[in-house]
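Colleague: Counting from 39, one number per residue, gives the positions in the sequence shown under our numbering.
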Amino acid sequence: MNSMTRRSFGIGVLAASVSALAISRLGAATRSAVGQNAAGEFPIDPDVLTTAERTIVVGATPTAKVEVFELAKYDEHGFGKWTYGAPDKPVTRLDLMPSAYDAAAVDQKHRLLKFFSISDIHITDKEAPNQGIYIQRLHPEISVTQSLCSGVMLYTTHVLDAAVQTVNAMHKTQPFDFGISLGDAANSTQYNELRWYIDVLDGKMIHPSSGAHLGEDSVDFQKPFKAVGLDKSIPWYQVLGNHDHFWLGSVSVDHGPRADLRQSYVADEMFAAGDVLADPRKITGHDYYMGVFDGSKPFGDVKFAGEVKDFPSAPKVAPDPDRRSLTTAEWLTEFFNTTSNPVGHGFDKANAEKGFGCFSFVPKADVPIKVISLDNTQKDDDKSLDIHGHGFLDEARWAWLKQELADGDAAGQLMIIAAHIPIGVEPSEPRSEMCWWLDPQNAVTIDGLLEELHSHPNLLMWLAGHRHLNTVKAFISPDPVKAPEKGFWHVETCSLRDFPQQLRTFDIYLNSDHTVTIETINVDPSVKEGSPAAISRRYAVAAQQIIRPEFRNFNPTKDPTIHPMPSGSYNAKLVKKLSPEMAAKLKALYPKV
C-alpha cells in the first residue's frame with residue numbers, strides 16, 4: 039500500500055478533509071463511483087435483514103457457455119441474476135441431547151453472549167504478478183477456485199466494507215459483544231492485502247490498486263474510497279488462516295520448492311509456473327504466465343496470461359514493494375498497527391514476534407465464557423510438498439490448547455474454540471486437501487484431538503472457516519446416555535468473497551432448564567444497487583451459475599447441512615446440555631432464569 043494509504047487519519051477527521059486528501063492523491067478531482075457519497079464512502083442499503091427474514095436466491099443458470107473470467111459476457115447472457123427468496127428459518131438441532139428431551143417445553147431465558155463471525159475475506163491484489171489467475175483455465179470443471187480466479191477479486195475491499203456497515207447497523211439494534219474473523223484475511227500473504235483489510239475495519243481511506251494504479255480515476259473497482267470502519271465499541275479478534283502465510287494458501291514462500299517465490303511478489307515481470315492446481319510441486323515449472331486483471335478496463339480483462347511459449351518475452355508489470363510477502367511473525371505483528379479495538383486484535387505481542395498466533399480472551403468479565411483462538415494451520419517450514427490447507431498442531435500449540443481447556447474447566451468457564459481449519463468434515467481417505475494432516479509432524483491425530491475435546495464438557499463449539507461453506511456438525515458425546523454434556527457443536531462460516539458472501543451471528547442463551555441454546559444466523563451484507571459491493575454480488579452469483587453442478591454441490595461426506603444452492607445459508611438453534619456443576623454455577627449466577 040502506498041504511503042498515502044498508510045497515513046493515520048484519526049478519529050473525528052472531517053469527511054471533507056478525507057475527500058480532499060483522496061483528490062490530492064490523484065492530482066485532480068475524479069468522478070465518484072455509483073453510490074459513492076461526498077465523503078468518499080459507499081453507504082449500504084438501510085434495509086438490513088438476516089437470512090432468517092429473507093434470502094438471496096440464485097437465478098436459473100443460462101445455457102450459454104461463458105468462462106468465469108469473461109466478466110463482460112455476464113450481462114449479455116444473463117449470468118448473475120438473483121432474487122430475494124423465502125426466509126431460512128433456523129432449524130432446532132437436538133443431536134447432542136438425550137432422546138426424550140422436549141425442546142418445546144423450554145424457553146430461551148437469558149442471553150449470555152452475542153457476537154459475529156466473518157471468514158475467508160481473501161482481500162486480493164488482482165494486479166500482483168503471481169496470483170495464479172491463469173491456472174483456473176486449465177481446470178474449467180472447477181471454475182470457482184478460492185484463490186485463483188473470480189470476478190469478486192476486483193471488489194474484495196468493497197465487500198468487506200459493506201459487511202462491516204451491515205454489522206454496524208445490526209449493532210445499533212442489538213449490540214454485539216465482539217466480532218471474530220476466522221482467517222484468510224489476505225489472499226496470498228501480501229503486505230498491501232493485509233493493510234487493506236485492517237484499514238477497512240479501521241475506517242481508513244482505501245486505494246484498492248497497486249503497481250501503476252491503472253484506472254484509479256475512472257474504473258469503479260480501482261477508485262479510492264473511504265471505508266466506514268467497524269463501530270469502535272465493538273472489539274474484534276483475528277484468527278490466522280493458511281492464505282495469510284502461504285502463497286495462495288498452498289506453498290511455503292521461504293521453505294517451499296520454488297527458491298524465487300518471495301522475489302516474485304515484488305518483481306517487474308509475470309510469474310511463470312506449472313499447473314499447481316493439479317500438483318503443487320509443479321510450481322517449479324515455467325509453463326504458464328499467471329496473468330493479472332487489467333485495472334484500466336471496466337471489466338478487469340485478464341492480460342499477460344497463457345503458455346510461456348506463446349510470449350516472445352516475459353510480460354512486464356509495474357512493480358510495487360507493498361506487494362511483499364509477509365512472514366507469519368510479520369503478519370501477526372501488523373495487527374498492532376491499528377486504530378480499532380483491541381490493539382493487536384487478540385494477539386500477544388511477544389508471541390506474535392515469535393510467530394505464535396494462539397490466544398484466548400473472555401469477552402464479558404461477568405459471563406463465564408472463554409474464547410480460545412487456535413492457529414491450526416501448517417507450519418511454514420514443514421517441508422510438505424502438498425497443498426498447505428490441512429489441519430495441524432505442533433507440540434507447542436497442542437500443549438497450549440490442552441492447557442487452555444484445562445484452565446477453562448478449572449475456572450468454571452464455558453468455552454468456544456475459534457480456528458481456521460474445520461475438523462471431521464472432510465475424509466482422510468480418499469485424501470482431502472482440507473482434512474487433518476496425516477503426517478508424523480502433527481502432534482495429534484484427529485482421533486486424539488476429538489478424544490481430548492470430548493473430555494471437556496464445558497466446550498460449547500468449535501468455529502471454523504476455510505471451506506467457504508455454512509455447515510453445522512454435531513460431535514456427539516462418546517457416552518450420550520450418561521454424559522451427553524461431553525458433546526459439542528461445530529459451526530462453519532462461509533467466505534465473504536465467494537457465494538453466498540455471508541457473515542454469521544451467534545446468540546448464546548441460558549435456557550429455563552439450564553441448558554444452553556446457540557442461535558446462529560447467516561447475514562447477507564446489505565448493498566445499494568449499482569455500488570461496487572452490489573456488482574460483486576452479481577459476479578459471485580454468476581460464478582456459482584458457471585461452475586458445473588457436480589462441483590457446485592460437492593459434498594463428499596453427505597453433510598445434510600451443506601446448502602450451497604439456492605441460498606447457501608444454514609441457520610440453526612443448537613441445544614447443549616451442561617454438566618451438573620456448570621448448570622449449578624449458572625443457576626447461582628442467574629437466579630431468575
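Where a beta carbon is used, it is the ideal one built from N, C-alpha and C, also for glycine. These numbers were taken from a predicted model, which means no experiment stands behind them.
Straight-line CA distance for F153 to Q212?
Modeller: Taking the first residue of the sequence shown as 1, we reach residue 153 at position 115. Taking the first residue of the sequence shown as 1, we reach residue 212 at position 174. Using only the alpha carbons, I get a separation of about 10 Å.
Colleague: Tell me whether the segment 532–547 and the segment 164–177 touch, counting them as touching only if at least three CB pairs, one residue from each stretch, are closer than 8 Å.
Modeller: Touching, no, given that fewer than three Cβ pairs across the two stretches are closer than 8 Å.
Colleague: With a threshold of 7 Å, establish whether the CB of A390 neighbours any heavy atom of the ligand HEM.
Modeller: Looking for the ligand HEM in the displayed structure turns up nothing, as the structure carries no ligands at all.
Colleague: Assign Y608 to one of three DSSP states: helix, strand, or coil.
Modeller: In the sequence shown, the residue the question calls residue 608 occupies position 570. Y608: coil per DSSP, three-state reduction.
Colleague: Pairing CB atoms from the segment 297–312 with CB atoms from the segment 405–425, are three or more of them under 8 Å?
Modeller: Too few Cβ pairs lie closer than 8 Å, so no.
Colleague: Write down every uninterrupted run of the alpha helix (DSSP H) in the segment 186–240 whose length is 4 residues or greater and which is fully enclosed by it, in chain order.
Modeller: As far as the segment 186–240 is concerned, its whole alpha helix (DSSP H) runs of at least 4 residues are 194–211 and 229–240.
Colleague: By alpha-carbon positions, which one of H160, M453 and T415 ends up nearest to I407?
Modeller: On the sequence shown, residue 407 is found 369 positions in, with the first residue counted as 1. Taking only the C-alpha atoms, the option nearest I407 is M453.
Colleague: Helix, strand or coil: which one does DSSP assign to A54?
Modeller: On the sequence shown, position 16 is the one that residue 54 refers to. Any answer about A54 is weak, because its pLDDT of 33 lies below 50 and its placement is not dependable; what the coordinates show is given next. Three-state result, A54: helix.
Colleague: Just confirm the distance between the C-beta atoms of V197 and S574, as a whole number of angstroms; I'd bet it's less than 8 Å.
Modeller: Taking the sequence shown and counting its residues from 1, the one referred to as residue 197 is at position 159. Taking the sequence shown and counting its residues from 1, the one referred to as residue 574 is at position 536. Indeed they touch by this definition, with Cβ atoms about 5 Å apart.
Colleague: Below 7 Å CB to CB, which residues in the same chain sit around D282 once its five sequence neighbours on both sides are set aside?
Modeller: In the sequence shown, residue 282 corresponds to position 244, counting from 1. Excluding sequence neighbours, D282 sits near G221, D222, A223, A224, T227 and W369.
Colleague: Residues in its own chain within less than 6 Å of A58 by CB, not counting five upstream and five downstream?
Modeller: Indexing the sequence shown from 1 puts residue 58 at position 20. Here A58 scores only 35 on pLDDT, less than 50, and its place in the model should not be relied on; the value that follows carries that caveat. Around A58: no qualifying Cβ.
Colleague: Of the residues I484, S515, V405 and P125, which one's Cα is nearest the Cα of L624?
Modeller: As a working note, residue 624 is residue 586 in the sequence shown. The residue with the shortest Cα to Cα distance from L624 is V405.
Colleague: Q276 bridges to which residues according to DSSP?
Modeller: Along the sequence shown, one-based indexing puts residue 276 at 238. According to DSSP, which records beta bridges pairwise, Q276 is partnered with S219.
Colleague: Of all the options A316, Y229, L423 and G333, which has the alpha carbon lying nearest to the alpha carbon of V289?
Modeller: Indexing the sequence shown from 1 puts residue 289 at position 251. When only C-alpha atoms are compared, the closest one is L423.
Colleague: Between V632 and the rest of its own chain, which residues show a CB-CB distance below 6 Å, the 5 nearest in sequence each way excluded?
Modeller: The requested residue 632 does not occur in the structure, where the chain is confined to residues 39 to 631.
Colleague: State the Cα-Cα distance for the pair P478 and E391, rounded to the nearest angstrom.
Modeller: Here the question's residue 478 lines up with position 440 in the sequence shown. Here the question's residue 391 lines up with position 353 in the sequence shown. Each residue's alpha carbon lies about 27 Å from the other.
Colleague: Does the segment 231–239 come into contact with the segment 366–380, if we say contact requires no fewer than three beta-carbon pairs (one atom in each stretch) closer than 8 Å?
Modeller: The answer is yes - the segment 366–380 touches the segment 231–239, with three or more Cβ pairs under 8 Å.
Colleague: Roughly how many whole angstroms lie between the Cα atoms of A67 and N280?
Modeller: The sequence position of residue 67 within the sequence shown is 29, counting from 1. The sequence position of residue 280 within the sequence shown is 242, counting from 1. Caution is warranted here: a pLDDT of 32 is assigned to A67, below 50, making its placement in the model unreliable, and the coordinate value is therefore given only provisionally. Their backbone Cα atoms lie some 40 Å apart in a straight line.
Colleague: Can you tell me whether L616 is buried or exposed, with buried defined as 16 or more other CB within 10 angstroms of its CB?
Modeller: Position 578 of the sequence shown holds residue 616. That one is buried.
Colleague: L534 by DSSP, collapsed to three states: which one?
Modeller: One-based indexing of the sequence shown puts residue 534 at position 496. In the structure shown, L534 sits in coil (DSSP, three-state: anything other than H, G, I, E or B).
Colleague: Excluding the 5 residues flanking V519 on each side, which residues of the same chain have their C-beta closer than 8 Å to its C-beta?
Modeller: Working through the sequence shown from its first residue, we reach residue 519 at position 481. Excluding positions up to five away in sequence, the list reads P136.
Colleague: Taking a contact to mean a Cβ-Cβ separation below 8 Å, would you say A343 touches I410 in this structure?
Modeller: For this step, residue 343 is matched to residue 305 along the sequence shown. For this step, residue 410 is matched to residue 372 along the sequence shown. No. Outside cutoff.
Colleague: How many angstroms separate the CA atom of S219 from the CA atom of L151?
Modeller: As a working note, residue 219 is residue 181 in the sequence shown. As a working note, residue 151 is residue 113 in the sequence shown. Approximately 17 Å between the Cα atoms of the pair.
Colleague: Whole angstroms are fine: how far does the CA of L497 sit from the CA of L491?
Modeller: Translated into the one-based positions of the sequence shown, residue 491 becomes position 453. Translated into the one-based positions of the sequence shown, residue 497 becomes position 459. Roughly 7 Å between the two C-alpha positions.
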